[in-house]
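**Q**
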Amino acid sequence: MRPLTIRECIRYCENAMREMWEKYGKPAEYSKRREVYVRCKELCKENGYVGSRFVSIWNTASTNAHREVVTICR
Numbered sequence: 007m008r009p010l011t012i013r014e015c016i017r018y019c020e021n022a023m024r025e026m027w028e029k030y031g032k033p034a035e036y037s038k039r040r041e042v043y044v045r046c047k048e049l050c051k052e053n054g055y056v057g058s059r060f061v062s063i064w065n066t067a068s069t070n071a072h073r074e075v076v077t078i079c080r
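When we follow the working numbering, the leftmost residue of the sequence shown carries the number 7, and every step to the right adds one.
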């Protein structure tokens, strides 16, 4: 299996966040948020995106997911 691109990792994290919010609501409890973070971090690590590269992926995914949720709610 080929490694995921940065964009694919971002999309995975965005989807994981959206699924969490749909299932538990936006202010999901810490353990649920942590679970999503760990899943994203592990996937990115498996594909070679660690340290500051992962932080950039996580921040981008978070921004994109928040933007989409706000747009949908309007």
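Heads up, the beta-carbon is just placed ideally off N, CA and C, and yes, glycines get one too.
1. Which residues in the same chain as residue 18 place their Cβ atom closer than 7 Å to its Cβ, once the five residues preceding and following it in sequence are excluded?
2. Within a Cβ cutoff of 6 Å, which residues of the same chain sit near residue 81, ignoring the five residues on either side of it in sequence?
3. Look at the alpha carbon of residue 32 and the alpha carbon of residue 9, and state the distance between them as a whole number of angstroms.
4. Count the other CB atoms, across all protein chains shown, that sit within 10 Å of the CB of residue 11; report buried if there are 16 or more and exposed otherwise.
5. Could you tell me if residue 23 is buried or exposed, where buried requires 16 or more neighbouring beta carbons within 10 angstroms of its beta carbon?
**A** Based on what the coordinates show:
1. Taking the first residue of the sequence shown as position 1, residue 18 is located at position 12. Here the set comprises 46, 49.
2. This structure cannot speak to residue 81, because the chain is shown only from 7 to 80.
3. For the purposes of this step, residue 32 is taken as the residue at position 26 of the sequence shown. For the purposes of this step, residue 9 is taken as the residue at position 3 of the sequence shown. Those two C-alpha atoms are separated by around 31 Å.
4. To locate residue 11, count along the sequence shown from 1; it is residue 5. So residue 11 counts as exposed.
5. Here residue 23 refers to the residue found at position 17 when the sequence shown is read from its first residue. Looking at its Cβ environment, which holds 16 or more other Cβ atoms inside 10 Å, residue 23 is buried.
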